[in-house]
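K.L.:
Residue numbers (numbering that gives the first Met the number 0), protein chains in the order written: chain A, 0 to 296; chain B, 0 to 435.
Glycine residues also receive a C-beta, built at the ideal position from the N, C-alpha and C atoms.
Handing you a structure now.
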Amino acid sequence: METQMAEPELLIEPQGYSRPSVSLPEKPLLVMVPSKRWVALDLRSLWTFRDLLYFLTLRDVKIRYKQTALGVAWAVLQPLLTMLIFTLFFGRVAKIPSNGHPYALFAFAGLLPWTFFANAITNSGNSLVNNAALISKVYFPRLIMPSAAVLASLVDLAVSLVLMFGLAAFYGVGMSLNILALPALILLTTLLALAVSLFFAALNVKYRDVRYALPFLVQLAMFATPIIYPISMVPQRWRWALLLNPMAGLVEGFRVSLLGGQFDLPGLELASAITIILLALGAYYFRSVERSFADLI
Amino acid sequence: MSMKPIIRVENLHKRYELGTKLGGSYSTLREDLMNALRRPFRRAGGRSHSRKRTLWALAGLSFEVSPGEVLGVIGRNGAGKSTLLKVLSRITEPTQGRVELFGRVGSLLEVGTGFHPELTGRENIFLNGAILGMRKREIERQFDQIVAFAEIEQFLDTPVKRYSSGMFTKLAFSVAAHLEPEILLVDEILSVGDAAFQKKCLGKMREVAGGGRTVLFVSHNSAAIEALCDRCLWLREGRLEADGEPIDLLRRYLTTDGAQEAATVSLSRHGGRTPGSEELMHKATLLSEDGTPTTSVRMGETFGVQVHFSRSTPLKPVFGLAFKTVTGAPLFGVNNRFVPAEQMPETAGEGVVTCWVERPPLMPGTYFLDLHFGDEYRDLDVVREALSFDVEASDVFGTGRLCPPGGGPICWGGRYQYEPNGAASGLPSIPVSQSK
Chain A
0 METQMAEPEL LIEPQGYSRP SVSLPEKPLL VMVPSKRWVA LDLRSLWTFR DLLYFLTLRD
60 VKIRYKQTAL GVAWAVLQPL LTMLIFTLFF GRVAKIPSNG HPYALFAFAG LLPWTFFANA
120 ITNSGNSLVN NAALISKVYF PRLIMPSAAV LASLVDLAVS LVLMFGLAAF YGVGMSLNIL
180 ALPALILLTT LLALAVSLFF AALNVKYRDV RYALPFLVQL AMFATPIIYP ISMVPQRWRW
240 ALLLNPMAGL VEGFRVSLLG GQFDLPGLEL ASAITIILLA LGAYYFRSVE RSFADLI
Chain B
0 MSMKPIIRVE NLHKRYELGT KLGGSYSTLR EDLMNALRRP FRRAGGRSHS RKRTLWALAG
60 LSFEVSPGEV LGVIGRNGAG KSTLLKVLSR ITEPTQGRVE LFGRVGSLLE VGTGFHPELT
120 GRENIFLNGA ILGMRKREIE RQFDQIVAFA EIEQFLDTPV KRYSSGMFTK LAFSVAAHLE
180 PEILLVDEIL SVGDAAFQKK CLGKMREVAG GGRTVLFVSH NSAAIEALCD RCLWLREGRL
240 EADGEPIDLL RRYLTTDGAQ EAATVSLSRH GGRTPGSEEL MHKATLLSED GTPTTSVRMG
300 ETFGVQVHFS RSTPLKPVFG LAFKTVTGAP LFGVNNRFVP AEQMPETAGE GVVTCWVERP
360 PLMPGTYFLD LHFGDEYRDL DVVREALSFD VEASDVFGTG RLCPPGGGPI CWGGRYQYEP
420 NGAASGLPSI PVSQSK
């Protein structure tokens, strides 16, 4: 009798209220508490947002080519003009050796990874600050933002690679099997650019000095990388110091891959090891400061 | 009703450090380096942290939300409403306390965030959907509905920078409205778009709520809260002031907390300022006929709206008011740009302009005011919904009776004429028809 009386009462619910169609999980999907200094990488949430990485990369690529008057031509002009200037001053005037290759080809093969690396870290280093509105209003794994900027720069690299092959054909330099190492080299350079970017992007949120320091540092770093000169110009006993710059090993690797020769395997191994260490450190640093982004930006 | 909550908030605290600078919270490397260098000396000297002020935006907030509830959150500016939404949506982390969510969260915080002007409507739908946490497949499945809801079919492949602001907001809302999370966080979205679209948004939100989803809705719009929510939280200084039925709570809120807010409003860094505005107005006050600040006026009574402004270069101040209903529908405007007798002399520096609105024929209810400030040619500073005020019922026409509601927000007195013989033609005597 009592249970029958209780039945109809359950049906009366406040207006606009309806019972949920889904049953709730036992454990909360998400718990938010103040986090500790070091936090896990949270690959799972990165994975759930993988489509965002794709669309942000697409956006960065489209915007770059839509907003600039010359569009895709920039990807061609930037390394091409730099190469011409370098060839004139360092090749013709200063007569810097170029491992027996035409200097223009030598310089371009070095500029190819370097231009990508420099553009990637410049765009990526500013990516969080440039998207401040997004950071302070929507949640997504922040790691996606600098990653998308690095990936978008790959399009420019692809364009200049086509140019590279054209140039090689022009100078009559044939490709060797070394070219097969190119994808691995591009992957390593991308990871290195991401690693460096993570530091700068995160620092940039806190210290706006980074925006101004970054182009300057990139320029300085170019001279610490064998772009205008071959690594063979550096005295044997100092070569290890140069190779501590992982881009040095990678640039040399690109040259060997594109123009032929012997890979410097220990140098590439060292570059890979440093890249992986930097990436791990960068990711952890980024994650540890990530939580304060929305409050600072 | 002891149902398992879908949101559990326990003793939530959020502290913000206010920088010593005016500009913002970020620091320069030099400052931090200098501080690091000085630290050892300071420690010997004594206190060093006194320079940094802190603000507790949330100071021990606890509540639970049952699945399917539509919860309104009210409170004056700075009460912690937005911070609460930011913590719930993972944008920022709590300083202390704990939040447990038993469902996927989607937020409608500021419609249009992440839209890029250069991209087309189609491209922005995908980008924005992904930003809000939708998968590509989910967006593709809902794509046609999103486009239809936003009514932008013909402009799908036009860059959104060519959209009117109305079209833009419609599209932005439409993407967000098609999110399918179990918990939806909504912040002040109904202050955008035209009245018809707002109605549609309200309908869509009802649909969401009716579908068993939990909604947390932050708004200044008491009518919307009353219409949509089953329960209401009132926040004050980062704590829970009250929790209960929206009707009771709103009445209490509007007579105490809300009222204080309305009399004088700071316009610096006001959220309603339109993009491109120069920050010229810094304070707005509602005045009763005798010049005292007030939050409500009696029907048919003259009142004033006063703004304090400052500008370095001289201008002839033009001050405009746009009256809107609680749902944002425009009613009428007052503006001295087009009234030769009301031109003001050219001034620079600080100034105060008061616009007296003479016996506006507003029915009892709550109204919003947009403030437009500029020179003789154009508006330089526009703040939407800068002020809100209540009109109280009164016997305007001295008949001993009140105007019955239901005739819309405006009640005008008319002049009437009666002619016993004119009834045959059914027309009042018009001079033209008589001269024939």
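Give every residue of the same chain whose Cβ lies closer than 6 Å to the Cβ of H371(B), excluding the five residues on either side of it in the sequence, and list them in chain order.
P.N.:
Close CB contacts of H371(B) within its chain, under the 6 Å cut and outside five residues either way in sequence, are with G319, D378 and V381 (chain order).
K.L.:
Can you tell me whether DSSP reads V395(B) as helix, strand or coil?
P.N.:
Of the three classes helix, strand and coil, the one that applies to V395(B) here is coil, per DSSP.
K.L.:
According to DSSP, what are the bridge partners of M31(A)?
P.N.:
V98(B)
K.L.:
Please decide whether T81(A) counts as near chain B, where near means a Cβ-Cβ distance under 9 Å.
P.N.:
no
K.L.:
So for Q416(B), helix, strand or coil by DSSP?
P.N.:
coil
K.L.:
Tell me whether the segment 93-110 of chain A and the segment 120-129 of chain A touch, counting them as touching only if at least three CB pairs, one residue from each stretch, are closer than 8 Å.
P.N.:
no
K.L.:
Which of helix, strand or coil does DSSP assign to L320(B)?
P.N.:
Assignment of L320(B) by DSSP, reduced to helix, strand and coil, places it in the strand class.
K.L.:
Can you give me the C-alpha to C-alpha distance between R41(B) and D31(B), rounded to a whole angstrom?
P.N.:
With a pLDDT of 48 at R41(B), under the threshold of 50, the modelled position of that residue is not reliable, and the figure given next carries that caveat. Straight-line Cα distance between these residues: approximately 14 Å.
K.L.:
Considering just the uninterrupted stretch of the beta strand (DSSP E) at T346(B), what are its terminal residues?
P.N.:
Where T346(B) is concerned, the enclosing beta strand (DSSP E) stretches over T346 to V356.
K.L.:
What is the rounded straight-line gap between the Cα of E240(B) and the Cα of F216(B)?
P.N.:
17 Å
K.L.:
What does Q95(B) touch in chain A if you count any residue whose Cβ is under 9 Å from its own?
P.N.:
V32 and P33
K.L.:
Does the beta carbon of Y170(A) come closer than 9 Å to any beta carbon on chain D?
P.N.:
Here the protein chains are A and B, and chain D is not one of them.
K.L.:
Label N10(B) either buried or exposed according to how many other C-beta atoms from any shown protein chain fall within 10 Å of its C-beta, with 16 as the threshold for buried.
P.N.:
exposed
K.L.:
Is E341(B) helix, strand or coil by DSSP?
P.N.:
helix
K.L.:
I want to see whether chain A comes within less than 9 Å of S88(B), judged by CB atoms only; does it?
P.N.:
Chain A, which has a Cβ nearer than 9 Å to the Cβ of S88(B), makes this yes.
K.L.:
Taking 8 Å as the cut-off, is the beta-carbon of L187(A) closer than that to any non-hydrogen atom of the ligand SAH?
P.N.:
As far as ligands go, the structure on display features none, and thus does not contain the ligand SAH.
K.L.:
Taking P313(A) as part of the alpha helix (DSSP H), name the residues at either end of that continuous run.
P.N.:
Absent from the model: residue 313(A). The displayed extent of chain A is 0 to 296, so no value can be given.
K.L.:
In this structure, how does DSSP classify K3(B) when only helix, strand and coil are distinguished?
P.N.:
coil
K.L.:
Kindly list, in the order they appear in chain A, the residues whose Cβ is closer than 7 Å to that of K135(B).
P.N.:
Under the 7 Å cutoff, chain A gives D50.
K.L.:
How about K330(A) and E122(B): are their beta carbons less than 9 Å apart?
P.N.:
The displayed coordinates of chain A run from 0 to 296. Any statement about residue 330(A) would go beyond what the structure contains.
K.L.:
Tell me, please, whether the segment 188-196 of chain A touches the segment 239-250 of chain A by the rule of three or more beta-carbon pairs shorter than 8 Å.
P.N.:
yes
K.L.:
Going by DSSP, what residues sit across from K13(B) in a beta bridge?
P.N.:
L57(B)
K.L.:
Should V92(A) and S159(A) be called a contact, given that it needs their Cβ atoms to be closer than 9 Å?
P.N.:
no
K.L.:
Do you know whose CA, among F116(A), L193(A), L184(A) and L162(A), lies nearest S256(A)'s CA?
P.N.:
L184(A)
K.L.:
Is there a Cβ from chain A that is less than 9 Å from the Cβ of H115(B)?
P.N.:
Cβ-Cβ to chain A under 9 Å: yes for H115(B).
K.L.:
Would you call the CB atoms of E181(B) and T157(B) closer than 9 Å?
P.N.:
no
K.L.:
Taking C-alpha atoms, which residue in L264(A), I275(A) and L181(A) lies nearest to L156(A)?
P.N.:
The candidate whose alpha carbon is nearest that of L156(A) is L181(A).
K.L.:
Taking the alpha carbon of A132(A) as the point to measure from, which residue in I90(B), F142(B) and E137(B) has its own alpha carbon closest?
P.N.:
I90(B)
K.L.:
Identify the residues that DSSP records as bridge partners of L70(B): which are they?
P.N.:
L215(B) and R230(B)
K.L.:
Using CA atoms only, rank isn't needed, just tell me which of D389(B), P274(B), T294(B) and H177(B) is closest to S164(B).
P.N.:
Ranking D389(B), P274(B), T294(B) and H177(B) by Cα distance to S164(B) puts P274(B) first.
K.L.:
Please classify V247(B) as buried or exposed, where buried requires at least 16 neighbouring CB atoms within 10 angstroms.
P.N.:
Going by the sequence as given, residue 247(B) is Asp instead of Val. Result: exposed.
K.L.:
Below 7 Å between beta carbons is the criterion; list the residues of the segment 123-134 of chain A that meet it against any residue of chain B, in chain order.
P.N.:
A132 and L133
K.L.:
For P66(B), would you say it is in contact with chain A, using Cβ-to-Cβ distances shorter than 9 Å as the test?
P.N.:
yes
K.L.:
Could you check the C-alpha separation between T413(B) and A328(B) for me, to the nearest Å?
P.N.:
Looking at the sequence itself, residue 413(B) is Gly, so the reference to Thr does not match. Cα-Cα distance, rounded: 24 Å.
K.L.:
Write down every uninterrupted run of the alpha helix (DSSP H) in the segment 193-232 of chain A whose length is 4 residues or greater and which is fully enclosed by it, in chain order.
P.N.:
Whole alpha helix (DSSP H) segments, 4+ residues: 208-222.
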